[in-house]
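The structure under discussion appears below in the form of structure tokens.
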Ligand SMILES: N[C@@H](CCC(=O)N[C@@H](CS)C(=O)NCC(=O)O)C(=O)O
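Numbering (the working numbering), first residue to last: 3 to 211.
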């Protein structure tokens, strides 16, 4: 397996952490510069990381890679949940992960718009600023996540992919100027617990220039 990543990407970090927690053999190829160069579109037509080259083909986006890695044979015992869902049919766990990944997309959209210095350039036919809408979405989603988390994580008693995703996004914003996410004790506990793990220490985003 060969994973393409950029050193800062929180989406790629989810996969890099998971690879370590699952003790998988996986070559990691760091893409320098951002966004990835045009020849990378041949690997992922979306031009985004992560992308995972496997014997079956190239897997992307993030959720597809997660499902692939979670279904691989395991070397037990491992600290990670056996699956994204607690049990077959427990759709709420899938929903949690889908919402977390969508939150990551919104977070990236806000940051990119800001860093690109984009401001309204014409008459606003929508009647709202998409960046404000994303910010509102983020705050509401964090509240919803807090309401759906247990003190020890999204899936009780075990490190879950949902925990890893939350921590990857939050720690990315912390390393990139921050975002008002604190004041939610369960989320704070999840992020703090993940931040202590060697898998997170080994995949810290590169310093922000
Ligand atoms: N929805 C995608 C998001 C991935 C994503 O946004 N990756 C960013 C880095 S964090 C990227 O590669 N951006 C490059 C670009 O937008 O061209 C997923 O789940 O994989």
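Note that the Cβ used here is the ideal one computed from N, Cα and C, for glycine as well.
### Query
At which residues does the alpha helix (DSSP H) containing residue 147 begin and terminate?
As a working note, residue 147 is residue 145 in the chain shown. Segment 132-150, the alpha helix (DSSP H) holding residue 147.
### Query
residue 56 by DSSP, collapsed to three states: which one?
Reading the chain shown from its first residue, position 54 is the one you call residue 56. DSSP, read as helix, strand or coil, puts residue 56 in strand.
#### Entry: Coarse secondary structure for residue 101, derived from DSSP in three states
If you number the chain shown from 1, residue 101 lands on position 99. Helix, per DSSP.
### Task
Within 10 angstroms of the Cβ of residue 117, are there 16 or more other Cβ atoms? Answer buried if so, exposed if not.
Working through the chain shown from its first residue, we reach residue 117 at position 115. Looking at its Cβ environment, which holds fewer than 16 other Cβ atoms inside 10 Å, residue 117 is exposed.
### Query
If you drop the 5 nearest sequence neighbours on each side, which residues of the same chain put their C-beta closer than 7 Å to that of residue 165?
The residue given as residue 165 occupies position 163 in the chain shown. For residue 165, where only same-chain residues beyond five positions count, the Cβ hits under 7 Å are 155, 156, 192 and 196.
### Task
Can you give me the start and stop residues for the beta strand (DSSP E) that residue 204 sits inside?
As a position in the chain shown, residue 204 is number 202, starting the count at 1. Neither: residue 204 is in no beta strand (DSSP E) and is coded neither H nor E.
### beta-carbon residue 49 near ligand 3 non-hydrogen atom, thresh 7 Å
The model depicted lacks ligand 3 and carries ligand 1 instead.
### Beta-carbon separation (whole angstroms), residue 46 vs residue 53, contact threshold 8 Å
Here the question's residue 46 lines up with position 44 in the chain shown. Here the question's residue 53 lines up with position 51 in the chain shown. With 8 Å as the limit, residue 46 and residue 53 qualify as a contact, their Cβ atoms being about 4 Å apart.
### beta-carbon residue 11 near ligand 1 non-hydrogen atom, thresh 7 Å
Counting from one through the chain shown, the residue named residue 11 turns up at place 9. Yes.
### Query
Do the stretch 73-87 and the stretch 116-134 make contact, defined as three or more Cβ pairs closer than 8 Å?
no
### Message
Which residue marks the beginning of the beta strand (DSSP E) containing residue 2, and which one marks its end?
### Response
For the chain, the structure presents residues 3 to 211; residue 2 sits outside this window and is missing.
### Query
With a Cβ-Cβ cutoff of 8 Å, do residue 95 and residue 88 count as a contact?
Stepping through the chain shown from its first residue, residue 95 is reached at position 93. Stepping through the chain shown from its first residue, residue 88 is reached at position 86. A contact, by the Cβ cut-off of 8 Å.
### Query
What did DSSP end up calling residue 61 once you bin it into helix, strand or coil?
Here residue 61 corresponds to residue number 59 of the chain shown, with the count starting at 1. In the structure shown, residue 61 sits in a strand (DSSP, three-state: E or B).
### Message
Considering just the uninterrupted stretch of the alpha helix (DSSP H) at residue 168, what are its terminal residues?
### Response
Residue mapping note: residue 168 aligns to position 166 of the chain shown, counting from 1. In the DSSP annotation of this structure, the continuous segment of the alpha helix (DSSP H) that includes residue 168 starts and ends at 163-176.
### Query
Between the stretch 23-39 and the stretch 62-70, are three or more C-beta pairs nearer than 8 Å?
Segments in contact, no.
### Task
Inspect the beta-carbon positions of residue 215 and residue 82 and report whether they are closer than 8 Å.
Limits of the chain in this structure are 3 at one end and 211 at the other, which puts residue 215 out of reach.
### Query
For the alpha helix (DSSP H) that contains residue 20, what are its first and last residues?
To locate residue 20, count along the chain shown from 1; it is residue 18. 12-23 is the extent of the alpha helix (DSSP H) around residue 20.
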